[in-house]
Structure formats: C-alpha cells, structure tokens
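Only one structure is covered here, and it is reproduced in the block below.
As structure tokens, this is what we get:
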C-alpha cells in the first residue's frame, strides 16, 4: 500500500485548525453573509482548492488524505463556505478533463478555480434521488444541439449547490453522440436561476435553460463525460463524508463538555450511565465512519486507477455511514443539551442544520446503502477472485518477512487447501482437542505452529504485518482455532517474563502439542472486574498451596495445564496482590466440571482447586506482579477479538439461504440486507485500519475497544437475520442444518451472544470508553 506521510497529515491538520480558529467560523456561520470573495481567496491561498490537483497541472498534489483532513477540520469549525461544492468537486472534475483532453480547453479555468479567482459549480442533477450523471435523464433533462457554429441548450437542472452566487456553472447536457460538458457563465441570456436555501442557509438553486446560445469554446468535453463527472462526484462524496465526520465530532465534544458541567439531581449529567452509553454508541458510529473513510482513501491511494464501480462502492459506503453517524450525533447532542439545544442560540443548531443539508445532498444514507448493496452483488467471492499459485513444496523455514506479502498469502492459501480437513472448514462451534489435534500436529511438523514466536524458541518470527496476514488467511479459509492459549498467550509471556528454565520446560510441549493449556482468569465474582479475583495461593516452603475456583475456562476439560492469576497478598490494593502461576491440571486436588452452553456445546469449564500444591518454580515473573503480566497479554488479542471473520461468514450464510428461498427479490429483505452488508463492510474497514497500524508498528489507540463492540454486535444482528429467514428452522435443534445448505442456522447468533460477554462485557467496554476516551467525568 502507498505509504501515507502521517507527520505531513498532522501538519496539515494543525495549519487548518489554526486558520479556522483565527477566522472564528461559528460566529461567521450565524451571520450567513453573502459570498465573501476575499475570504474565498484566503482559502485558496491556504492551498485547499489545489490540494488534490497534481503538481503537473499546477496543483499541490498532496492527495485525498490531506484534503480529507482539511475538510474534517472545516466541518468541526462549521465553515460556512461550500468547500466541497465550489472547490473540491469542480477542481477534481477539471483536473480529470485536463488529463483526458489535454490542457487547451480547461487549463486556465482549472488555475482560476485553484487560485480562488473564479467560483464555479457543477450542474448535473435532473431528478430527485439521482446519484449518477450517467443515469437516465429526468423529464426535464438538459439537451444540446449544434447551431450557427455554437450550441443551444434547453432543459432544467436541480439542486445545485452553492447555487446562483457563482461566476459560472459546469453543465452536463445530452446530445446526439452522448453527454457533453459546457461552461455557462452566470448572466447568460436564457438561463434562469431559481434560488432557494438549504437547511443550514447554504444557497442553492434550480437552473432552467431556454434556448441558451453558447459559443464553440463553451464546450469543455464531449468524450465519456458522464463517467468523469460521476468520478468527481464520488470524490466529492468522500470529502463530504469527512465534513460530516468533523461536524459529528464537534457535536459530541460539545455534548461531553456540557454533561461534565451541568448538574441534575445533585450529580453531573456525565455520571449517568444511560447517557454515557448513548454517547459511546454515537462515538462508535463516528469512528466507523472515520475508519471507513480512511480505508477508502487508502484503497484509492494504493490503486489510483481503480475501476468506476470500485470508486462508487467506496463512496457510497462512506457517505451512508457518515450521514448516519452525523445525524445520530447531532440529534443526540440536542437531546443531551436539553431545551437550550433546541434553540438557535446553541452551537449545536449549526451542526444539526448543516448535517441535514449534507446528509441529503448528493444522496442520502438509504440511497447510498442501496447503491452499495447493488454494487456488492456484482463482486465475485473472494476465494474465486484470487489467482491460485502452485507450490511444489512448502519451506519449513524462510525469510518470511522478506517474502512479498502476496506470495506469502498465496503460499498459506495453498497449504490450507492441501492440508486442512474440508470437513472442519468454518466450524460452527469451537472444536475440541480430539477434533483438531491432527491439524495442530500438521502445523507443528511444518514449523508453522507459532507464527509470532522468535526463531530461537521454535517460531516463525513473523513481523506484525505477516502475523496479520497469517491470521487473515486462516480465517478466510475457515481454519478453526486449535486450543491455542499456550501459543498466543502463555508462550509470548514466558518468552518475555519467564526464566530460561521455565522456557526450556514448557515451550517445547506447547510447540509439539504434548501440553495443552487453558486460561484461568475469571471467577464467579471476578469476570469483567478481574482484579476482584479470590483464588488464593499461599506460600509453603518451595510450593504454593492453591485454593479456590476458576470459571469460563475455554475447553479446560481438554487441557493438561493452566496458566492462572492467583491472589498472593490480601493486604494491598487488589491489582497489586496478584501473581501469575502455572499449574499442572493432573495435580491432586484439581477437579473440572464442563459447562454446557445454550448451544448444547461444552465449551467452558469450572476448575476447582482444593489445597493444590504448585512448585514455586512455576511462578512467572515476580511475586505480586501478575496484573502487569496479564495486561501484557492483551496485545493482538484486542485486535483480533474484533476480526470480521465471523460477521463475513454469517453474511455468506444469509446470502446462501436467501438465494435458496428467492428472498433477494423481496424489497423489505433487500433493505435489511443492504444495511447489514454496510455494517459488515464498515467492520472490515475498521479492523483493516487498526491492522494497518499494527503492521506499521504504530501504537493502537484507545478507540480499538469499539472494534470489539461493533464486531460482536454486528455478528449478533446477522445471526438474528439468519434465524429470521430460516423460518421454522430458526427454532430447530442447535445442531440441525438448513436443508441442502450445511448452514447451522443458530450457530452465529448463539456464538455472538457469548462474544458480547467474554473479554469484558460490551457494557463494561462502553463504561471504559466513556471515561478514558470521551473524558466523561464521573463515568
């Protein structure tokens, strides 16, 4: 992927923020003055209008990431000037024309737009709800015909922003040979501008053309102009999404500040959990929009000549999410501010009205969800779209990190195809050791069982980027997780905190599959509040004597050993009196009771310890230092708990049954499916953005906690729809499959229910985010 200069992006953000703060945009927005040509030239002087225009065409060539950063800050500052409509879209369109048709026809016009000397806007829309210039014209579509060496235009254009207060319009018109683009100066005889205001006061207009005569040089292009216009519109929608995100962020920031200062019933409003969770949910929508925008811009930067449908799909996905997120954030902000929030005296009114305008202009969220779903229906399955490379042998050792990523992924796919049992692909439930052990042994013999471990300890020593690739390819193929607590949790802990003797004793058993490890963290009264654990280890000579209970230990009935947190000091702060201990589960005094879940699957265990003697040599790290070790285990676990694997697989199961039942032609089902497709795509985008941070070695931000919430709750919504469309089979036995499909109808829903609870319930995650990220006092 093309490297993004994050330092440059932050410098652009700081510059834009400083400029906008000096201009005091919010006060200026309320005044709603007529267009200020001097101020527009100041914006041009900042380079904003030329930011995405290539340097070869007289622009700055800084790209769409930088532009999005500026527009987001403009949204936060409630910039009254139509930056997207009068700056970004015309510049994008003219730059494309410059490349396609050469500089003669539009070079001077492009320079004028970038310098702020001439304000032009695009007049393309002919019917309500129209999303593309290439769509069939409305009843009043503009047409042109040659006359007297020039051209004559007739018809109407609708919903033009910024409207009549411009120097000229770029007008699309249909002729005998297709769609053409004309430059029509304001004041041209026969042009009627019927002005109106948008919700936020932005000027707009409808245009009528009554035998409008234009000279020959008014024709800018007659070559496949509809596709070029559509591309400019979709880039404009991406920047419009950035502006919506900026407005939503500021609305949320204003709400947090208000809740932290406003008192009700003797308490700060910020202390009410119901309000905290509503804010977190609104913030989650904003972060989804932000990550979807980032993912889209990364995709375009990596493939600047991406096909038209790819750009349309990205733009619709991002616009739909950003419109929804900003409307939710601004609507919530009014509610949280109370009566003052419903008045024009409160800044929230600026963001609410501006969001109403931007969310509806260039297509609303529902329209873009439908366009995204229609385009997604044409995308081939990912496995089918991937070229297959034949491998004669699979090396046990190689310089994996130097291998091109595409080659590395192809090798993994072919290895999985040849060696992973077909019957175990996309397993509905967590597999027991006896089901999966042969695959574990296969990876062990190949030397690929521990991708993240250093070579000197028997691992592949993959970089973060290659680790992510390994996990993603395994998930994509449907490779089930083996009992891997020893691989992904204990092994890295021993490598970092263990003694040489501990590493020599325990690591070989993990690599070979001789020792199977379970995690002993949760207790009946210490789940999300893990520091409240009570299972006690009392020193006794060269041993500890362990007494207590662990619960929710995944597949502990299959394990030979357990790594566990135990209480070793009751006199200090609860986090400070915890140690990390390794226990042989065959020791006298250990007993296990499997717990049957609602699915009928024995996935968890209670493990009881009755005066169990554990050698002191099994203490990892220092005495009472276990809490820090446990926190170190989060690492990639936090990232991969939000993997889109389960949601994407559930979506494919829905599509499989929907096709079988003929539901894809049902409009009601189609709307619901379109919404969930977008939710899944945005989950994938959010995951990908964080994964790219990990690949680059950048620290993962606190917003990562939202990934787990959205992943599990999206999976749950998909599971509910699968049950719904399965009709009577939605209430069949847990192990039953839908006829002629192999789909375990109930598995996604029941698995998602568990996922919203483990690793800290989603409610606890919301509490933490409210306090640590949003800064809600009393949270």
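Residue numbers (the numbering used here): 717 to 1495. Virtual Cβ for every residue (Gly too), placed ideally from N, Cα, C. Since this is a predicted model, take the numbers as computed values, not measurements.
By the neighbour-count criterion, in which a residue is buried when 16 or more other Cβ atoms sit within 10 angstroms of its Cβ, residue 1056 is exposed. Cβ neighbours of residue 1185 within its own chain (closer than 7 Å, five residues either side excluded): 1121, 1124, 1125. If you look at residue 1402, you'll find it in the alpha helix (DSSP H) that goes 1383-1411. Look at residue 871 here: in three-state DSSP terms it is strand. Under DSSP, residue 911 takes part in a beta bridge, and its partners are 921.
Across the structure, residue 1232 and residue 1326 are spaced so that their CA atoms are roughly 22 Å apart. The shortest C-alpha to C-alpha distance from residue 1196 to any of 1144, 1343, 973, 840 is the one to 1144.
Residues of the same chain with a CB within less than 6 Å of the CB of residue 1148, apart from the 5 flanking positions on each side, are 1274 in chain order. DSSP links residue 1264 through a beta bridge to 1325. When secondary structure is reduced to three states using DSSP, residue 1228 falls in the helix class. In the DSSP annotation of this structure, residue 885 is not part of any alpha helix (DSSP H); the continuous beta strand (DSSP E) holding it starts and ends at 884-891. Between residue 891 and residue 843, the gap from beta carbon to beta carbon reaches 8 Å or more.
DSSP places residue 1278 in the strand class (E or B) of the three-state scheme. For residue 1312, the enclosing beta strand (DSSP E) stretches over residues 1306-1312. For the 8 Å CB-CB criterion, residue 953 and residue 1159 do not form a contact. Three or more beta-carbon pairs drawn from the stretch 960-980 and the stretch 1031-1049 are found closer than 8 Å, and the two stretches are therefore classed as touching. Leaving aside the five residues that flank residue 1372 on each side, the residues in its chain whose CB is nearer than 7 Å to its CB run, in chain order, 1457, 1459. Counting along the chain, residue 780 sits inside the alpha helix (DSSP H) bounded by residues 779-792. The beta-carbon distance between residue 1029 and residue 1398, rounded to whole angstroms, is 13 Å. This is too long to meet the 8 Å contact definition. Secondary structure of residue 1082 (DSSP, three-state): helix.
For residue 935, the uninterrupted beta strand (DSSP E) segment begins and ends at 935-937. Contiguous beta strand (DSSP E) elements confined to the stretch 812-854 occur at 836-839, taking only those with 3 or more residues. Excluding five sequence positions before and after residue 735, the CB atoms of its chain that fall closer than 7 Å to its own CB belong to 762, given in chain order. Taking the Cα of residue 1425 as reference, the smallest distance to any Cα among 1478, 1388, 1400, 1408 is reached at 1478. Taking 8 Å as the cut-off, the beta carbon of residue 830 is found closer than this to the beta carbon of residue 765. Residue 937 and residue 1409 have their C-alpha atoms some 42 Å from each other. Residue 827 is positioned such that its CB atom lies no closer than 8 Å to that of residue 789. For the pair residue 1437 and residue 1388, the CB atoms are nearer than the 8 Å cut-off. Spanning the alpha carbons of residue 1335 and residue 1295 requires a straight line of approximately 7 Å. Residue state for residue 720 is assigned as coil, using DSSP reduced to three classes. For residue 1044, the enclosing alpha helix (DSSP H) starts and ends at 1024-1053.
Shown here, residue 983 sits in a strand according to DSSP, grouped into three states. The residues 1422, 1425, 1426, in chain order, have a CB closer than 8 Å to that of residue 1000 in the same chain once the five nearest residues on each side in sequence are set aside. With a contact defined as Cβ atoms closer than 8 Å, residue 1243 and residue 1252 miss out at about 18 Å. Ranking 922, 1004, 754 by CA distance to the CA of residue 1419 puts 1004 first.
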